[in-house]
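S.K.:
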Amino acid sequence: TYLDKQEQPTPIQFLTELTRLFQKCRLSGSVFITLKKYDGRTKPIPRKGSVEGFEPSDNKCLLRATDGKKKISTVVSSKEVNKFQMAYSNLLRANMDGLKKRDKKSKSKKSKAAQ
Amino acid sequence: MPQYQTWEEFSRAAEKLYLADPMKARVVLKYRHSDGSLCIKVTDDLVQWHFKYYKILNLRNVIGNLET
Chain B
1 TYLDKQEQPT
11 PIQFLTELTR
21 LFQKCRLSGS
31 VFITLKKYDG
41 RTKPIPRKGS
51 VEGFEPSDNK
61 CLLRATDGKK
71 KISTVVSSKE
81 VNKFQMAYSN
91 LLRANMDGLK
101 KRDKKSKSKK
111 SKAAQ
Chain Y
1 MPQYQTWEEF
11 SRAAEKLYLA
21 DPMKARVVLK
31 YRHSDGSLCI
41 KVTDDLVQWH
51 FKYYKILNLR
61 NVIGNLET
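Heads up: the sequence lines are chains B and Y, in that order.
With the UniProt record's numbering applied, the first sequence corresponds to residues 1 to 115, in that order.
With the UniProt record's numbering applied, the second sequence corresponds to residues 1 to 68, in that order.
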């Protein structure tokens, strides 16, 4: 994966936009979030040889989100990850609140049946 | 496209996939509020593993993946 040199939203901007995506899709639609490791490249890998002077970094990840129409993305480096992770998980917890709560009774019944 | 039943099995498989080739593996979350469902997919474009979730236990996975 490579990213065009144009400005990427900061992780904080991304989280704001992601909240909007979730709000847009509450009544219908899906929010897709993709997460992968990113080595910092901004040009595609040429078929022959390699990009001169490119040193892959080991401490970044790329996050993308979309509702099928609007696309947003950001890069998070290990320096920012702790703060980001807290904000991100709070955001997911707050917005993915449609997931049904765990029913303790049925859960124990299920695990007994599985055994 | 195997679908896992328990979180533990899924997360072990996901970690294995990532360790095999960290640059190729990615995690995709698909959340549908109208259905109350979350579908998690881990893939390296050769193999894909799915986990469909209806319960509110999804945060650990996100944190775990980010740490990786």
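Cβ atoms here follow ideal geometry from the backbone N, Cα and C, with glycine treated the same way.
A quick note: this is a predicted structure, and the numbers were derived from the prediction, not measured.
1. By Cβ distance below 8 Å, which residues in the same chain neighbour D103/B in space, the five residues on each side in sequence not counted?
2. If the criterion is Cβ atoms closer than 8 Å, does the pair L18/B and G36/Y meet it?
3. By the 10 Å Cβ neighbour count, where 16 or more other Cβ atoms means buried, how is L21/B classified, buried or exposed?
4. If you draw a straight line from the C-alpha of M96/B to the C-alpha of A87/B, how long is it?
5. Between K36/B and chain Y, is any beta-carbon pair separated by less than 8 Å?
6. Once DSSP output is grouped into helix, strand and coil, what is the label at F10/Y?
7. Leaving out five residues before and five after T10/B in sequence, what residues of the same chain have Cβ atoms less than 7 Å from its Cβ?
8. What do you reckon, are the CB atoms on K70/B and R64/B nearer than 8 Å?
9. Roughly how many angstroms lie between the CA atoms of residue 125/B and P46/B, to the nearest whole one?
M.R.: Inspection of the coordinates gives the following:
1. Along the first sequence, one-based indexing puts residue 103/B at 103. Only weak support exists for where D103/B lies, its pLDDT of 46 falling under 50; the value from the coordinates is given anyway. Excluding residues within five positions, none has a Cβ falling inside 8 Å.
2. On the first sequence, position 18 is the one that residue 18/B refers to. On the second sequence, position 36 is the one that residue 36/Y refers to. No; because the gap between Cβ atoms is not below 8 Å, this pair is not in contact.
3. In the first sequence, the residue the question calls residue 21/B occupies position 21. Classification of L21/B: buried, given that the 10 Å Cβ count is 16 or more.
4. Here residue 96/B refers to the residue found at position 96 of the first sequence. Here residue 87/B refers to the residue found at position 87 of the first sequence. C-alpha separation (whole angstroms): 14 Å.
5. Residue 36/B sits at position 36 when you count from the first residue of the first sequence. Yes, K36/B lies at the interface with chain Y (some Cβ there is under 8 Å from its Cβ).
6. What you label residue 10/Y is simply residue 10 of the second sequence in a count that begins at 1. Three-state DSSP puts F10/Y in a helix.
7. Start at 1 with the first residue of the first sequence, and residue 10/B comes out as number 10. For T10/B, where only same-chain residues beyond five positions count, the Cβ hits under 7 Å are T74.
8. Translated into positions along the first sequence, residue 70/B becomes position 70. Translated into positions along the first sequence, residue 64/B becomes position 64. No, the pair does not count as a contact, with Cβ atoms beyond the cut-off.
9. Lying outside 1 to 115, the shown extent of chain B, residue 125/B is not represented and no answer is given.
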